[in-house]
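In the working numbering, the protein residues as written are 393 to 650.
Written as structure tokens, this is what we have:
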């Protein structure tokens with residue numbers, strides 16, 4: 393897929409800078425994970441076999457043209473420049489190929505922890521081309537590992553959602569039930585993202601998925617989360633247990649209108 397295949401009207405807002413950008417191909421909405429809905433990522437609706445993933449990744453067209461990373465540390469100018477140019481172009485092409493094969497849900501394979509390609513995400517296997525790529529075989533192995541890890545995270549979330557949804561659906565007016573769910577999910581997201589980078593974005597996304605499954609209309613999600621979090625989460629800062637508990641309590645009250 394060449395640069396001409398990207399529709400210039402398909403700008404996406406980077407949640408970190410909050411401005412539309414077309415400078416980086418990675419921000420194309422077809423391969424960016426920031427706005428994925430639960431309908432798109434629900435693992436019960438999208439078949440996936442991790443055992444076949446290595447073969448699938450190696451069968452995709454970009455696997456035949458993996459650029460080799462220059463030697464040296466990622467902070468070296470030539471390595472950084474390679475990562476921003478050849479490495480990112482290749483990772484974008486691989487993202488398009490993976491999404492074309494598996495579906496939009498798979499775009500999350502690059503949502504790494506900390507200051508990764510997208511940043512603040514739950515994936516530990518992939519960071520960015522300069523840090524995560526080496527020779528072609530190693531690069532393909534990391535891509536495979538990252539995709540399987542992202543899928544595993546979605547399956548884990550699905551199981552956790554299923555654990556708490558029956559309690560909420562049985563009595564949606566009980567703030568304690570919402571509080572317990574929020575406390576659990578927030579703790580899990582903090583642990584998975586290491587509260588590194590702009591982790592609050594994915595945290596809000598996970599809560600939005602859960603709220604949607606619990607039957608709350610989408611227009612309520614942002615106001616409810618704004619009221620619960622109240623600007624108290626910081627990038628690169630792990631929230632204290634006291635703050636997590638307070639946010640969960642606020643969430644319970646906000647979800648039930650109390």
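Backbone N, C-alpha and C fix where the C-beta goes; we use that ideal spot for every residue, glycine too.
Note that the structure is predicted; figures quoted are calculated from it, not measured.
Three-state secondary structure assigned by DSSP to residue i
| i | result |
| --- | --- |
| residue 504 | strand |
| residue 629 | coil |
| residue 458 | coil |
| residue 414 | Since pLDDT at residue 414 reaches only 38, below the 50 mark, its modelled position is unreliable, and no value is offered. |
| residue 601 | helix |
| residue 643 | helix |
| residue 481 | helix |
| residue 469 | helix |
| residue 424 | coil |
Check whether residue i and residue j have beta carbons under 8 Å apart
| i | j | result |
| --- | --- | --- |
| residue 484 | residue 418 | yes |
| residue 482 | residue 462 | no |
| residue 596 | residue 545 | no |
| residue 432 | residue 497 | yes |
| residue 475 | residue 521 | yes |
| residue 430 | residue 601 | yes |
| residue 582 | residue 631 | yes |
| residue 531 | residue 525 | yes |
Identity of the residue in the options nearest residue i by Cα
| i | options | result |
| --- | --- | --- |
| residue 643 | 486, 562, 572, 542 | 572 |
| residue 443 | 580, 543, 587, 560 | 543 |
| residue 570 | 420, 494, 641, 436 | 641 |
| residue 440 | 541, 465, 635, 514 | 541 |
| residue 589 | 513, 494, 447 | 513 |
| residue 534 | 450, 557, 568 | 450 |
| residue 434 | 578, 623, 553 | 553 |
| residue 618 | 470, 609, 639, 445 | 639 |
| residue 577 | 548, 561, 448 | 548 |
Same chain, Cβ closer than 7 Å to residue i, five either side skipped, listed in chain order
| i | result |
| --- | --- |
| residue 415 | Residue confidence is low: residue 415 scores 41 on pLDDT, short of 50, so the model does not pin down where it sits. No coordinate-derived value is stated. |
| residue 459 | 478, 479, 482 |
| residue 423 | 484, 487, 488, 491, 499 |
| residue 557 | 605, 606 |
| residue 629 | 587 |
For residue i, the first and last residue of its enclosing alpha helix (DSSP H)
| i | result |
| --- | --- |
| residue 554 | 528-562 |
| residue 570 | 567-585 |
| residue 520 | Where residue 520 is concerned, there is no enclosing alpha helix (DSSP H), given that its DSSP letter is neither H nor E. |
| residue 619 | 613-621 |
| residue 450 | 445-451 |
Own chain residues within Cβ distance below 8 Å of residue i, not counting five before or after
| i | result |
| --- | --- |
| residue 612 | 603 |
| residue 637 | 575 |
| residue 445 | 536, 539, 540 |
| residue 579 | 636 |
Same chain, Cβ closer than 6 Å to residue i, neighbours up to 5 away in sequence not counted
| i | result |
| --- | --- |
| residue 592 | 625 |
| residue 648 | 565, 567 |
| residue 559 | 569 |
Residue-level contact to chain B via CB, residue i, 8 Å cutoff
| i | result |
| --- | --- |
| residue 633 | Chain labels in this structure do not include chain B; a single protein chain is all it has. |
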